[in-house]
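Heads up: the structure comes next, in structure tokens.
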Amino acid sequence: MNNLNDTTGWNIRPGPREDGENNKWNYALLVPMLCLAAFRWIWTRESQKQIREAEAGCDGELKAASSQLDAKYREAVTECCQEAARMELELERERQRVKGYRQALHSQGQQVLEERKQLQQEREALEEEKREIDRRGPAGVLLRDALEGQRDWQLQAATVLREFEAGLVERQSALCSAFLPRRRRLVMERNLLLRAAEEPLARELNMDRDLMDIFINDRHCADLLNTDRRQNGSLMWVYLRVWQLQVTLQTHKRAHKSLQGVEPDPNHTM
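For any residue, its number in the working numbering is found by taking its place in the sequence shown, counting from 1, and adding 54.
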């Protein structure tokens, strides 16, 4: 190696090349190469360190993004499941509602058929009664005329009964409703009792007593999905039919009372 104390013999000194000078130049080239190698090693190590840090950062960001996407995915799946369950519930409600409507329509159809049958029977009964009156001769004619004279009273009585029927249907609907307050139903019942006390026909038929029996004992309610309010109630329909029969009976009594003291005219033609 070079003698550092002998500067005149350094290998960087120009001069004639002798046999040992090639080794000096080789040593001179070795130093920068070692420096370059050291620099390259340091630079490579720093680069690898930066690469590892970058990879770690990328991995962290990737994991965070993956975790965030996974959370969003789970949230979306949960929302979809909840929405599907809600839609299924709504669909089931609509199905039940449609089923209720169908049942109500079927019930109304049956009720219309029954009412039509009842009207047909009443019509046939009236026709039979008319034929019976005609067979009785002049006395039958007088009875028919007397019944015709009571037609206005009978129509007024039927109107009064329809008004009470509407009030009872509304009262029973309030009783069966889970949303209407009890106070409203009590107001309806009080109004019906006041009307029964003021109406002459109601007093004649003792309807106030029957109404109290209905208010105390008639608790019948139709199905929750029922939309026909006339399906509610049981005892009140019995009393309404009884009142109708009483009106018919009173009509005949009034007609017979009007015939008292009237002799049949044999020359009266039908």
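Glycine included, each C-beta is placed from N, C-alpha and C at the ideal position.
Asked	Found
Touch test, the region 226-245 against the region 280-288, Cβ-Cβ under 8 Å, three pairs minimum	yes
Residue burial classification, Leu143 (beta-carbon count within 10 angstroms, cutoff 16)	exposed
Selected residue, minimal CA-CA separation from Ala256, among Gln300, Gly287, Phe269	Gln300
Contact the region 245-256 vs the region 129-147: 3+ CB pairs below 8 Å	no
For His310 and Ser288, believed in contact at Cβ under 8 Å, the rounded distance	At roughly 34 Å, the Cβ-Cβ gap does not stay under 8 Å, so Ser288 and His310 are not in contact.
For Ala138 and Ser101, the rounded distance between their alpha carbons	54 Å
Cβ-Cβ distance between Ala250 and Leu265 below 7 Å	yes
Local conformation of Phe233 per DSSP, three classes	coil
3-residue-minimum beta strand (DSSP E) runs that sit fully inside the region 239-279, ordered along the chain	none
Contact check, Trp297 vs Leu215, beta carbons under 7 Å	yes
Residues of its chain near His306, where Cβ-Cβ distance is below 6 Å and the 5 sequence neighbours each way are ignored	none
Cβ-based burial, Cys230 [other Cβ within 10 Å; buried from 16]	buried
Proximity below 7 Å, CB of Leu279 to CB of Gly154	yes
Residue interval of the alpha helix (DSSP H) (run including Thr302)	289-312
Alpha-carbon spacing of Arg140 relative to Lys126, whole angstroms	21 Å
Three-state secondary structure assigned by DSSP to Thr98	helix
Whole-number beta carbon distance between Asp262 and Leu247, since they are thought to touch under 8 Å	6 Å
Rounded separation between Leu173 and Asn260 - CA only	26 Å
Per-residue DSSP class, three states only, for Gln208	helix
Three-state class that DSSP yields for Asp113 in the structure shown	helix
Distance between beta carbons of Arg308 and Trp207, contact taken as under 8 Å	7 Å
Where Asp282 falls: helix, strand or coil (DSSP)	coil
Length of the line joining the Cα atoms of Arg151 and Ser161	15 Å
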